[in-house]
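Visitor: Chains as they are written, first to last, in our numbering: chain A, 62 to 543; chain B, 135 to 352.
The structure that follows is given in the form of structure tokens.
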Amino acid sequence: MDSDLSPQDKKDLDKFIKFFALKTVQVIVQARLGEKICTRSSSSPTGSDWFNLAIKDIPEVTHEAKKALAGQLPGIGRSMCVEISLKTSEGDSMELETWCLEMNEKCDKDIKVSYTVYNRLSLLLKSLLAITRVTPAYKLSRKQGHDYVILYRIYFGEVQLTGLGEGFQSVRVGIVGTPVGTITLSCAYRTNLAFMSTRQFERTAPIMGIIIDHFVDRPFANMGHMHPCNYRTATEDEGVTYPGVEDSQEVCTTSFSTSPPSQMVIPGKEGGVPQAPVQPSHGTPADHGRMPTCTPSSMARRIPATPSSSGEEAETLSQSSEAKSSSPPDILETTFTRKVGAFVNKPANQVTTACLDLPFAAFAPKNFDMEENDLMVNPPDSPVVESPLQGSLHSDGSTGSSGPLQDDFVMVDFKPAFSKDDLLPIDLGTFYREFQNPPQLNSLSIDVSAQSMAEDLDTLPVKLALYEQKIDEFDAFVETLQ
Amino acid sequence: MNCRSEVLEVSLESRQVDEAMLALLHTILLHRSTGKFHYKKEGTYSIGTVGSQDTDCDYIDFSFVRVSSEELDRAMRKSVGEFKDALCNSGSDGVGQISLEFYQKKKSRWPFSDECIPWEVWSIKVNVVSLANEQERQICREKVGEKLGEKVINIVEVINRHEYLPKMPTQSEVDNVFDTSLKDVQPYLYKITYQITDSLGTSVSTTMRRLIKDTLAL
């Protein structure tokens, strides 16, 4: 196959594919930065604008892409994928889309590498610019910030689409035939954007819109291989330097020859093939051996510098990809890192209420071990408890029939904080108790209400007459509202 | 050679017409523009760089990429503005069609004028609807945004079929293929026309032909 291609053409083609892959990654990641991209047109060509398109190179992204490629090129059976995912401030994450640069075996022997392939790759990049603004992740990425961020991951090898949920859609950006195969660029994107925790998705059918692991603060997921898409254009001041693009040989060709007729345009062969669904490779584990080596990084924008061991890689990959192996959440056994509110006594193992920042901690029930005794989980059924607020306030000083839980309470005088008997004419505690048991309103008592109803009906004509007199005032009032 | 013709249809509110037409026309022109050609003495040429720019729509939940060229944007806005005015003022039901036609010029001998041979025509049929309340307008914002997304995917699909494109011209013939009047980019020669359909579905005398590049000025 390759023997038909001249060495120069082969070299050019490899260069084109390599830089096409790098530019593809740049376009995708820049489209998910959350801001509008603007580059200038220039009538004077420069040597660094590959494919005659002004696409900036973010050094970190180029670095990650080159690491993922590890000196190889996308080829038949070796796809380059950019995975875009969303991560909330609470630590939940969800894959949004996967962009795949693939090559199949269909070759186009007659096509001119240095001209036609180059121009078609340029066209494909323009299509990528257009399509990246159309998938649902674009709008999400424009709104990223406090609640969530968008992350990217580049990998090389087999395409993994199982993290996109059921019913994901795919769109083909375009294809370019070359003498060594046909390059295909496509995107598979999630359509079910109802948020679900990634672990829960693995275990059961997804429940729409509910985050199940609500009280568990998932340990900060090892995000070593995921990178935030809120990167600002790097300057040298950032202090991180990357090996630049290998220079002299990699300057893109910007000169073309006008000597025709080798500029034969190949008639369209593909026809109008509509969006071909990308067949998901179910359960195919990532090829760990070729995964990028990255260390766990914090959410800060600094770039991980040292590679981690492959064991850790597998660990980090399994956490964020589909192999969710963590055990089902068990509230009593996990480390409870969520800040506890007042009157909540739902501790973890080693935490006692004395350690928690509770007001009236001394009044809290002392029996922590059993969840059944937790009033917040199983409120007493007593009719004395008229409102949740009352219930919680009473829990410490209740004299009412709170059922079998009374044995757990110690009767103490209710001493509201900061109250002193000598300063106020009425004890604050007394006031507090009276406030909790107010007398019934007259209008709400049954025997009075019937009487008042009759009175109301009698006075109705008088009232109507009065309102009719004042109708102008009412109209003026309505006017002010409009 | 047959001219390739593609038709796109959208239904939208009158205030969305400008942005929707700009979104689609700019998406097409992004693919049909190159950098400026610079011919060198030995018969080779180099190509300038095309920049791109994100544009957000105000009345539609949509963003699109256009070529970074203020001249081109102005030309598009002018044509789209005329189309929208004709659409809204014609007294018709708000049905019209705007067409972006790419053509090549074929030099003819004097006294015949040059022939314009279209090789690709994009027609966008527009149906203007009126909405009753703000809630419907909000739904329309989103729906039209989704629709435009589908149209962009259609456009990209057609373009990536890699069907006929004029071959790259020599220096003497570049004006027969490309519009070289812009200083920063070089789209293929194009013209924009529109038709307003009255309620009977026939095209009325308001059919106008507006040439962006005046091919009659010899």
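Heads up, the beta-carbon is just placed ideally off N, CA and C, and yes, glycines get one too.
From a predicted model like this one, the values you see are computed outputs, not experimental measurements.
Mind listing the chain B neighbours of residue 494 of chain A? Cutoff is C-beta to C-beta under 7 Å, in chain order.
Guide: For the purposes of this step, residue 494 of chain A is taken as the residue at position 433 of the first sequence. Near residue 494 of chain A there are no residues of chain B at all, since even the closest Cβ is about 50 Å away, more than 7 Å.
Visitor: List the whole-angstrom C-beta distance separating residue 324 of chain B from residue 235 of chain B, where the pair is believed to meet the contact cut-off of C-beta under 8 Å.
Guide: To locate residue 324 of chain B, count along the second sequence from 1; it is residue 190. To locate residue 235 of chain B, count along the second sequence from 1; it is residue 101. Sure, about 6 Å apart at Cβ, within 8 Å.
Visitor: Considering residue 209 of chain B, what are the terminal residues of the alpha helix (DSSP H) in which it resides?
Guide: Position 75 of the second sequence, counted from the first residue, corresponds to residue 209 of chain B. First-last of the alpha helix (DSSP H) with residue 209 of chain B: 204 to 223.
Visitor: Does the beta-carbon of residue 79 of chain A have 16 or more other beta-carbons within 10 angstroms, so that it is buried, or is it exposed?
Guide: In the first sequence, counting from the first residue as 1, residue 79 of chain A sits at position 18. Result: buried.
Visitor: Establish whether the CB of residue 168 of chain A and some CB of chain B are separated by less than 8 Å.
Guide: Within the first sequence, numbered from 1, the residue matching residue 168 of chain A stands at position 107. Not an interface residue.
Visitor: From residue 202 of chain A to residue 210 of chain A, what distance separates their C-alpha atoms?
Guide: In the first sequence, residue 202 of chain A corresponds to position 141, counting from 1. In the first sequence, residue 210 of chain A corresponds to position 149, counting from 1. Approximately 7 Å between the Cα atoms of the pair.
Visitor: Does the Cβ-Cβ distance between residue 134 of chain A and residue 75 of chain A come in under 8 Å?
Guide: Position 73 of the first sequence, counting from 1, holds the residue named residue 134 of chain A. Position 14 of the first sequence, counting from 1, holds the residue named residue 75 of chain A. Cβ atoms of residue 134 of chain A and residue 75 of chain A: closer than 8 Å.
Visitor: Among B:306, B:286, B:169 and B:208, whose alpha-carbon lies nearest the alpha-carbon of residue 241 of chain B?
Guide: Your numbering for residue 241 of chain B matches position 107 in the second sequence. Answer by Cα proximity: B:306.
Visitor: Could you have a look at residue 528 of chain A and say whether DSSP puts it in helix, strand or coil?
Guide: Taking the first sequence and counting its residues from 1, one reaches residue 528 of chain A at position 467. Of the three classes helix, strand and coil, the one that applies to residue 528 of chain A here is helix, per DSSP.
Visitor: Is the CB of residue 168 of chain B under 8 Å away from at least one CB in chain A?
Guide: If you number the second sequence from 1, residue 168 of chain B lands on position 34. Residue 168 of chain B counts as touching chain A.
Visitor: Counting only the same chain and skipping the five closest in sequence on each side, list residues whose C-beta sits under 7 Å from that of residue 194 of chain A.
Guide: Within the first sequence, numbered from 1, the residue matching residue 194 of chain A stands at position 133. Closer than 7 Å at Cβ, skipping near neighbours: 92.
Visitor: Is the shortest distance between the beta-carbon of residue 314 of chain B and the beta-carbons of chain A less than 8 Å?
Guide: Locating residue 314 of chain B in the second sequence gives position 180, where the first residue counts as 1. Closer than 8 Å: no.
Visitor: Residue 248 of chain A lies in the beta strand (DSSP E); which residues open and close that run?
Guide: On the first sequence, position 187 is the one that residue 248 of chain A refers to. Residues 242 to 250.
Visitor: Find the nearest neighbour of residue 290 of chain A within the set A:238, A:248, A:220 and A:214, judged by alpha-carbon distance.
Guide: Sequence index remark: in the first sequence, residue 290 of chain A carries index 229 (1-based). Nearest option by C-alpha distance: A:214.
Visitor: Closer than 8 Å between beta carbons: that is the criterion. Which residues of the region 77 to 111 of chain A meet it against chain B?
Guide: The region 77 to 111 of chain A vs chain B, Cβ under 8 Å: 97, 98, 99, 100, 101, 102, 103, 104, 105, 106, 107 and 110.
Visitor: By the criterion of Cβ-Cβ separation under 9 Å, what are the contact partners of residue 194 of chain A in chain B?
Guide: Within the first sequence, numbered from 1, the residue matching residue 194 of chain A stands at position 133. Going along chain B in sequence order, the residues near residue 194 of chain A (Cβ under 9 Å) are 188, 196, 197, 198, 199, 283 and 286.
Visitor: Residue range of the alpha helix (DSSP H) that residue 172 of chain B falls in?
Guide: As a working mapping, residue 172 of chain B is identified with position 38 in the second sequence. Not the alpha helix (DSSP H): residue 172 of chain B falls in the beta strand (DSSP E), residues 171 to 173.
Visitor: Against residue 542 of chain A, what residues of chain B qualify as contacts under a CB-to-CB distance less than 8 Å, listed in chain order?
Guide: On the first sequence, residue 542 of chain A is found 481 positions in, with the first residue counted as 1. Residues of chain B passing the Cβ test: none, with the nearest at roughly 18 Å.
Visitor: Keeping to the same chain, check which residues put their C-beta closer than 6 Å to that of residue 70 of chain A; ignore five residues upstream and five downstream.
Guide: By 1-based counting over the first sequence, the position of residue 70 of chain A is 9. The answer, listed in chain order, is 174.
Visitor: According to DSSP, is residue 245 of chain B part of a helix, a strand, or is it coil?
Guide: Translated into the one-based positions of the second sequence, residue 245 of chain B becomes position 111. The answer is coil: DSSP assigns residue 245 of chain B none of H, G, I, E or B.
Visitor: Does the beta-carbon distance from residue 311 of chain B to residue 322 of chain B come in below 8 Å?
Guide: Here residue 311 of chain B refers to the residue found at position 177 of the second sequence. Here residue 322 of chain B refers to the residue found at position 188 of the second sequence. Yes, the pair counts as a contact, with Cβ atoms nearer than the cut-off.
Visitor: Verify the CB distance criterion: does residue 216 of chain A have a CB-CB separation below 8 Å to chain B?
Guide: Position 155 of the first sequence, counted from the first residue, corresponds to residue 216 of chain A. For residue 216 of chain A, the answer is no, since every Cβ of chain B falls outside 8 Å of its Cβ.
Visitor: Using the Cβ count rule (16 or more neighbours within 10 Å means buried), how would you classify residue 136 of chain B?
Guide: Counting from 1 along the second sequence, the entry for residue 136 of chain B is found at position 2. Exposed is the call here.
Visitor: Using beta carbons (cut-off 8 Å, strictly below), is residue 123 of chain A in contact with chain B?
Guide: For this step, residue 123 of chain A is matched to residue 62 along the first sequence. So no, residue 123 of chain A is outside the interface.
Visitor: Is the Cβ of residue 187 of chain A closer than 8 Å to any Cβ of chain B?
Guide: Within the first sequence, numbered from 1, the residue matching residue 187 of chain A stands at position 126. By this cut-off, residue 187 of chain A is an interface position.
Visitor: Mind pulling the chain A residues with CB within less than 8 Å of residue 293 of chain B?
Guide: The sequence position of residue 293 of chain B within the second sequence is 159, counting from 1. Ordered by position in chain A, the residues that pass the 8 Å Cβ test against residue 293 of chain B are 184, 188 and 235.
Visitor: Under 8 Å, Cβ to Cβ, is there at least one residue of chain A near residue 327 of chain B?
Guide: Start at 1 with the first residue of the second sequence, and residue 327 of chain B comes out as number 193. Cβ-Cβ to chain A under 8 Å: no for residue 327 of chain B.
Visitor: With distances taken Cα to Cα, identify the nearest neighbour of residue 199 of chain B among A:99, A:105, A:103 and A:120.
Guide: By 1-based counting over the second sequence, the position of residue 199 of chain B is 65. Nearest option by C-alpha distance: A:99.
Visitor: Given residue 282 of chain B, which residues of its chain have a CB within under 8 Å of its CB, disregarding the five upstream and five downstream residues?
Guide: Locating residue 282 of chain B in the second sequence gives position 148, counting from the first residue. Closer than 8 Å at the Cβ level, and outside the excluded window around residue 282 of chain B, lie 144, 154, 157, 158, 194, 196 and 198.
Visitor: Spell out whether any CB of chain A is found under 8 Å from the CB atom of residue 306 of chain B.
Guide: Counted from its first residue, the second sequence places residue 306 of chain B at position 172. By this cut-off, residue 306 of chain B is not an interface position.
Visitor: Please list, in chain order, all residues of the same chain as residue 113 of chain A whose beta carbon is under 6 Å from its beta carbon, the five residues on each side excluded.
Guide: In the first sequence, the residue the question calls residue 113 of chain A occupies position 52. Only 183 meet the Cβ criterion.
Visitor: Is the closest heavy atom of the ligand PLP to the C-beta of residue 268 of chain B under 7 Å?
Guide: For the ligand PLP, the structure offers nothing, since it holds no ligand at all.
Visitor: Within 10 Å of its beta-carbon, does residue 296 of chain B have 16 or more other beta-carbons around it, so buried, or fewer, so exposed?
Guide: By one-based count along the second sequence, residue 296 of chain B stands at place 162. Burial call: buried.
Visitor: Which residue wins for smallest C-alpha separation from residue 88 of chain A, given the options B:138, B:185 and B:178?
Guide: As a first step, residue 88 of chain A must be located in the first sequence, where it is residue number 27. Ranking the options by Cα distance to residue 88 of chain A, first place goes to B:185.
Visitor: Quick check: the Cα distance between residue 265 of chain B and residue 326 of chain B, rounded to an integer number of angstroms?
Guide: Numbered from 1 along the second sequence, position 131 holds the residue referred to as residue 265 of chain B. Numbered from 1 along the second sequence, position 192 holds the residue referred to as residue 326 of chain B. Roughly 29 Å between the two C-alpha positions.
Visitor: For residue 317 of chain B, return the contacting residues in chain A, with the cut-off set at a CB-CB distance below 8 Å.
Guide: For the purposes of this step, residue 317 of chain B is identified with residue 183 of the second sequence, where counting begins at 1. Ordered by position in chain A, the residues that pass the 8 Å Cβ test against residue 317 of chain B are 104.
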